[in-house]
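J.:
Number of protein chains: 2
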Amino acid sequence: MTGNVIVGQSGGPTAVINSSLAGVFKTAKDRGAKKVYGMIHGIKGLLDGEYVDLSNKIQTDIDIDLLKRTPSSFLGSCRYKLPEVEGNEATYTKIFEKLNELEIQYFFYIGGNDSMDTIKKLSDYGKSINSDIKFMGVPKTIDNDLAVTDHTPGFGSAAKYIASTMKEIIRDGLVYDYPTITIVEIMGRNAGWLTAAAALAKGEDCEGVDMIYLPEKVFDIDQFMNHVKAVSTKGRSMVIAISEGIKVADGRYVFELSDHVEFVDAFGHKQLAGSAKFLANKIGSELGIKTRAVELSTMQRCAGHMTSRTDITEAFNVGGAAVKAAFEGESGRVVVLKRISDDPYMCITETHDVHDIANIEKKVPLEWITDDDYVTDELIRYIRPLIQAELSPIMVDGLPRHLNVNM
Amino acid sequence: MTGNVIVGQSGGPTAVINSSLAGVFKTAKDRGAKKVYGMIHGIKGLLDGEYVDLSNKIQTDIDIDLLKRTPSSFLGSCRYKLPEVEGNEATYTKIFEKLNELEIQYFFYIGGNDSMDTIKKLSDYGKSINSDIKFMGVPKTIDNDLAVTDHTPGFGSAAKYIASTMKEIIRDGLVYDYPTITIVEIMGRNAGWLTAAAALAKGEDCEGVDMIYLPEKVFDIDQFMNHVKAVSTKGRSMVIAISEGIKVADGRYVFELSDHVEFVDAFGHKQLAGSAKFLANKIGSELGIKTRAVELSTMQRCAGHMTSRTDITEAFNVGGAAVKAAFEGESGRVVVLKRISDDPYMCITETHDVHDIANIEKKVPLEWITDDDYVTDELIRYIRPLIQAELSPIMVDGLPRHLNVNM
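Top line first, the protein sequences correspond to chains A and B.
Throughout the first sequence, residue numbering follows my numbering, covering 403 to 809 in sequence.
Throughout the second sequence, residue numbering follows my numbering, covering 403 to 809 in sequence.
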């Protein structure tokens, strides 16, 4: 071990992204790293000279355990996308100057497919200038839309939160003696994995949701209204799960059928929300049924009080595996999860070329979506192992304790 | 013990209303009740002849423990308000016929101030016809707006969920390197108790929310925008908690300043939602700051996975105390909680005349709201003991298990 380590977090937060940070930090320290730096606000912070010596922030074993339980990006995040090298050499020169200044030999970036683009560009550029800095991607996203890996850390906990909360919303929604319809909007711009997790609510003690709509399939609003009408004329209450990303045949989001304002983020993504409200209003006005629109919003990605132990352990492990691989000389690669068996569930880590992963979205296969507006048992069997077991929050004075960000 | 017992649930669900049902059932059985019936959908169900023998639904000790952890009204709910006796004698005759038919001697109703009106009317009518059926109210509401009682079962768990979730939303909201503003909308039509619980998020490990707006105080939209501007020009991100019930000086809800549709429920209450979205849009368009509106919606009242052990125990106890009082001859009364001490927290049950409680709303005292858009330490000290300790969910296959409603 000669050089130092630097690690950053990027993209939308998850409940377990800090478990990966803990995995990188602890494994690097255990394997003899001199200094482990954290970029503040990802690569953008590095460019601005904002970083910390993580040993000042993570000082004890209990800090490691608190960090694992702290949702959202401990180091701050960014949505900054590195420009192409051609014509922007100055940016790359600056980054490598910073890295050399800090004597960095190992660079880890925890994020989704946009963040893996950063690893790809930096490792490609590094090769071109014969730098021997190793660049490794650590996967993270609640959306589960990363290619190659069986699933992404962050997804299991969000799925567990969604399934648990759906059970509660279903209990709440079916309580009255007149029909009511609750429409729950779930994150996942182009991939329906998270919305599909609503199907896990169904069981011995729960009726489950009535309908599930994923963005992979064109949303037919007439079919939707007919389905609602058919069930509601029997006097039954319903709970329906929709993805924020469902679109009608002409390509517009359902949300865009209303007159709501739109925002666009730094990556050119539209900020979505409001499809549930639009559909609830439509049902209310056209069918005269009492409706409620619920957005799981931020809560579904930061519910540190309700994580999957399976997920949080895998998140830690992918961080550790990235360090191990880099220390053994790998670069330009991403740690991926490979499922060995469904029952009993067994999963290992491997590494894979970042070029096959950056900027690619993995969607729910169409054959896992049924014609009667639900998902197949195969899809449920895929998700179920990922929500298993719990990591209890450390409760202090009645509330889950997090690792203090400011020191 | 000669006669039977009947119990019903009414109004909006809570996470612990079934703990009170468990308290009524278990205490009645333990004290020798022959049959304990449950009205399906409250008094409305009784009128329609819908009830069950609860011994068929709650069969084992583990059923009792599952029931305590099952959110929302196990027996179903209603928002039916009994008419005045005068001119509606037929309704009352019918109810007492049903009660006599089932040989009911003790009648328990779990609900908020609208539901206590049912206890008041039935016990007054009962007296007028010399019935010796005992009528007792069991308090329940997340809103904490019931008179006389120190607080209401259901409030502590909702407050714990809100404070925990605010901590997570704050972590999520402060993650980027540019200012963002998150506005969180919390339930409580006319009383700000629940919104005030957002203040509990602040602590060693959390910056807390920046501003809190309760419905007890007129919402000054100019002052609000100035406050936001003053903080955001320093480049700081903010998280703001507002009650769904905040109103501007002319009496309109903030929500009504937009062109959103309104609903009115059976009690004549407006269905509120959208004030956060309205304010977020206003900040976004006028100040050009990235905003997000979050509604805690149904989740805050049905989060059975995140209850306060203090609350769930008190909920059980008020059910038991109602049975004890009725069996000892009391009627036309409500079980209330009396706080003996803040530190250490000690609280006992008493009973109180329902006429002082029905239809009355207890609001947050104005002196507990500060001029700089926050709440006093006194208010925080009042709420803090109510969120203490946990009752772990019984986890099965990765999800919290509830008592099966359908058998």
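From the three backbone atoms N, C-alpha and C, an ideal C-beta is built for every residue, glycine too.
For G413 of chain A versus D579 of chain B, is the C-beta spacing smaller than 8 angstroms?
T.: no
J.: Need the endpoints of the beta strand (DSSP E) that M441 of chain B sits in, please.
T.: 438 to 441
J.: Of the choices A:E570, A:T709, A:D652, A:V577, whose alpha-carbon is the least far from that of G605 of chain A?
T.: A:E570
J.: Interface residues of chain A around P415 of chain B at Cβ under 7 angstroms?
T.: D574, V577
J.: Of all the residues that make up the stretch 599 to 627 of chain B, which are near chain A by a beta-carbon distance shorter than 9 angstroms?
T.: L602, A603, G605, E606, D607, C608, E609
J.: Please report the straight-line C-alpha distance between D667 of chain B and T693 of chain A, rounded to a whole angstrom.
T.: Bear in mind that a pLDDT of 44 at D667 of chain B, under 50, signals an unreliable position, so the number given afterwards is only what the model happens to contain. Between D667 of chain B and T693 of chain A, the C-alpha separation is close to 12 angstroms.
J.: Of all the residues that make up the stretch 433 to 453 of chain A, which are near chain B by a beta-carbon distance shorter than 9 angstroms?
T.: I442, H443, G444, K446, G447, D450, E452
J.: Run through DSSP, which three-state label would E763 of chain B get?
T.: strand
J.: Under a three-way DSSP split, which group does E752 of chain B fall into?
T.: strand
J.: Which word fits L524 of chain A, buried or exposed, when buried means at least 16 other C-beta atoms lie within 10 angstroms of its C-beta?
T.: buried
J.: Let's test the definition: count the other Cβ atoms within 10 Å of the Cβ of S808 of chain A and tell me whether it reaches 16, buried, or not, exposed.
T.: The displayed chain sequence assigns Asn, not Ser, to residue 808 of chain A. Exposed.
J.: What's the call for A598 of chain B, buried or exposed, on a 16-neighbour Cβ count within 10 Å?
T.: buried
J.: Listing by chain order, which chain A residues have their CB less than 9 angstroms from the CB of T472 of chain B?
T.: R573, D607
J.: Against chain A, does G670 of chain B count as a neighbour if the rule is that its beta carbon must be under 8 angstroms from one of theirs?
T.: Because the pLDDT at G670 of chain B is just 46, under 50, the model does not fix this residue reliably, and the value given afterwards should be weighed accordingly. So no, G670 of chain B is outside the interface.
J.: Does any residue of chain A bring its CB to less than 8 angstroms from the CB of N546 of chain B?
T.: Taking 8 angstroms as the CB threshold, N546 of chain B stays off the interface with chain A.
J.: DSSP three-state call for R703 of chain B: helix, strand or coil?
T.: Note: R703 of chain B maps to helix in three-state DSSP.
J.: Give the DSSP bridge partners of K740 of chain A, in chain order.
T.: A:I750
J.: List the residues of chain A that V426 of chain B touches, going by C-beta distances under 8 angstroms, in chain order.
T.: By Cβ distance, chain A contributes nothing, its closest Cβ being about 18 angstroms from V426 of chain B, past 8 angstroms.
J.: Quick check on P787 of chain B: does DSSP put it in helix, strand or coil?
T.: P787 of chain B: helix per DSSP, three-state reduction.
J.: By how many angstroms is the C-alpha of S645 of chain A removed from the C-alpha of V696 of chain A?
T.: 12 angstroms
J.: Can you check whether the C-beta of I789 of chain B is within less than 8 angstroms of a C-beta belonging to chain E?
T.: The structure shown contains no chain E; its protein chains are A and B.
J.: Cβ atoms of S566 of chain B and P802 of chain A: under 8 angstroms apart, would you say?
T.: yes
J.: Quick check on this structure: which residue in B:R481, B:A424, B:P473, B:G489 has the alpha carbon closest to the alpha carbon of I460 of chain B?
T.: B:A424
J.: Hey, does H553 of chain B have any beta-carbon neighbour from chain A nearer than 8 angstroms?
T.: no
J.: Once DSSP output is grouped into helix, strand and coil, what is the label at I585 of chain B?
T.: strand
J.: Would you grab the beta carbon distance between N791 of chain A and S421 of chain A for me? Rounded to a whole angstrom, and I think it's under 8 angstroms.
T.: Residue 791 of chain A is actually Ala in this sequence, not Asn. A791 of chain A to S421 of chain A, Cβ: 14 angstroms. No contact.
J.: Counting pairs of Cβ atoms below 8 angstroms between the stretch 485 to 496 of chain A and the stretch 705 to 723 of chain A, do you hit three or more?
T.: no
J.: Across which residues does DSSP place F510 of chain B in a beta bridge pair?
T.: B:V409, B:M538
J.: Looking at the secondary structure, which residues open and close the alpha helix (DSSP H) in which I573 of chain A lies?
T.: Residue 573 of chain A is actually Arg in this sequence, not Ile. According to the DSSP assignment, R573 of chain A belongs to the alpha helix (DSSP H) that extends over 557 to 575.
J.: Give me, in chain order, the residues of the same chain whose beta-carbon lies closer than 7 angstroms to that of D465 of chain B; leave out the 5 immediate sequence neighbours on both sides.
T.: L805
J.: If we cut at 8 angstroms on Cβ distances, does R638 of chain B have a partner in chain A?
T.: no
J.: What does M797 of chain A pair with, by DSSP beta-bridge criteria?
T.: A:P802
J.: For S710 of chain B, which residues in chain A fall below 8 angstroms Cβ to Cβ?
T.: G800
J.: Tell me which same chain residues have a C-beta within less than 6 angstroms of the C-beta of A632 of chain A, skipping the five on either side of it?
T.: none
J.: Out of B:A682, B:F498, B:Q507, B:D432, which has the shortest C-alpha to C-alpha gap to S733 of chain B?
T.: Residue B:Q507 holds the alpha-carbon nearest to the alpha-carbon of S733 of chain B among B:A682, B:F498, B:Q507, B:D432.
J.: Using DSSP bridges, identify the partner residues of K649 of chain A.
T.: Bridge pairing for K649 of chain A: A:Y655 [DSSP].
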